[in-house]
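Here is the structure we will look at.
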Amino acid sequence: MTRLLNQTLPDPLPHDPLQTAAHWLRQAFDEQVSPNPNAMTLATVGADGQPSARIVLCKDIVLPAGYLVFFSNYESRKGAELSQRPRASVVMHWDVLHRQVRVEGFVVRSPAAESDDYYEPRPWLSRVGAWASRQSQPIGSRADMLEALKTEAQRFGGELSQGDAHPVGPASARVPLPRPAHWGGYRLWAEAVELWVEGEYRIHDRARFTRRLTAIGDGDRFQATPWHVTRLQP
Numbered sequence: 000m001t002r003l004l005n006q007t008l009p010d011p012l013p014h015d016p017l018q019t020a021a022h023w024l025r026q027a028f029d030e031q032v033s034p035n036p037n038a039m040t041l042a043t044v045g046a047d048g049q050p051s052a053r054i055v056l057c058k059d060i061v062l063p064a065g066y067l068v069f070f071s072n073y074e075s076r077k078g079a080e081l082s083q084r085p086r087a088s089v090v091m092h093w094d095v096l097h098r099q100v101r102v103e104g105f106v107v108r109s110p111a112a113e114s115d116d117y118y119e120p121r122p123w124l125s126r127v128g129a130w131a132s133r134q135s136q137p138i139g140s141r142a143d144m145l146e147a148l149k150t151e152a153q154r155f156g157g158e159l160s161q162g163d164a165h166p167v168g169p170a171s172a173r174v175p176l177p178r179p180a181h182w183g184g185y186r187l188w189a190e191a192v193e194l195w196v197e198g199e200y201r202i203h204d205r206a207r208f209t210r211r212l213t214a215i216g217d218g219d220r221f222q223a224t225p226w227h228v229t230r231l232q233p
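In numbering that gives the first Met the number 0, the protein residues as written are 0 to 233.
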């Protein structure tokens, strides 16, 4: 479904941009605008100052605290960079809806219980893959990767069918498969959010929201000031 470019941001602008972002994300799912409506580009920076970006899936926008949740291997390139510099930015863009959200802020690991709750209902082979893959590390061939997957599957009471990566054998024969310590969730606490609506003749509608975050507790939670908003030229 193609929409006319007749949308604008509300006036006055919303008090909480992440409420709008969450609404847009729900609409993207409801209208099935793409196979992964929650796909977002995650940008990080390494110790050498080199930026890198990749696609991850936004699994939740938590209100009113104001953070996004995604999951990954803590020992991957992104994991190493976030350990060194725990800041990131993400972009979610929906062509069909003519909308975009940008978020910048601090990144902390999710509590272990939250990571466990997400890991447990994942497909069995996806959980095996979290054990088998040393994400971002070199490997000799695709066959080597499948052999590592096969080894881990056997370790946890399953097998892979010949020539592919599909598990075979009764599920009851498989032993419990705990979450590996190197895999889990992240929370991106929003310090800045930009809402963007596409306009005709490239006269887009943009607004940037900012707030100040102060770490509390063990530094994995933040206290936030109210949002300040500025409309931007396209």
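All C-beta atoms in this analysis are idealised placements derived from N, C-alpha and C, irrespective of residue type, glycine included.
- Residue environment for Phe221: buried (at least 16 other C-beta atoms within 10 angstroms of its C-beta).
- Following the DSSP letters along the chain, one finds Tyr118 inside the alpha helix (DSSP H) bounded by residues Ala111 to Tyr118.
- Looking at the backbone, the Cα of Ile202 and that of His97 are separated by about 12 Å.
- Judged by their CB atoms, Thr43 and Glu80 are nearer to each other than the 8 Å cut-off.
- Assignment of Val90 by DSSP, reduced to helix, strand and coil, places it in the strand class.
- Residue environment for Pro9: exposed (fewer than 16 other C-beta atoms within 10 angstroms of its C-beta).
- The distance from the Cβ of Arg186 to that of Val106 is about 7 Å, consistent with a contact at the 8 Å cut-off.
- Here Ser135 is exposed, its C-beta having fewer than 16 other C-beta atoms within 10 Å.
- DSSP, reduced to helix, strand and coil, places Tyr185 within a strand of the structure shown.
- Following the DSSP letters along the chain, one finds Leu41 inside the beta strand (DSSP E) bounded by residues Ala38 to Val44.
- Taking the Cβ atoms as the reference, Gly65 lies roughly 5 Å from Leu17, within the contact range of under 8 Å.
- Assignment of beta-bridge partners to Pro50 by DSSP yields Val44.
- In the DSSP assignment, Thr150 falls within the unbroken alpha helix (DSSP H) covering Arg141 to Arg154.
- Taking one beta carbon from each stretch, the stretch 179–195 and the stretch 68–88 have 3 or more pairs nearer than 8 Å; the two touch.
- Pro36 counts as buried, since no fewer than 16 other beta carbons sit within 10 angstroms of its beta carbon.
- By the Cβ rule, the stretch 205–223 does not count as touching the stretch 138–150, because fewer than three pairs are nearer than 8 Å.
- Counting C-beta atoms within 10 angstroms of its own C-beta, Arg211 has fewer than 16 neighbours from the protein chains shown and is therefore classed as exposed.
- DSSP places Asp29 in the uninterrupted alpha helix (DSSP H) bounded by Pro16 to Asp29.
- Relative to the Cα of Leu231, the nearest Cα in the group Ala21, Val192 and Ala214 belongs to Val192.
- Counted as a single uninterrupted DSSP element, the alpha helix (DSSP H) harbouring Ala79 occupies residues Arg76 to Gln83.
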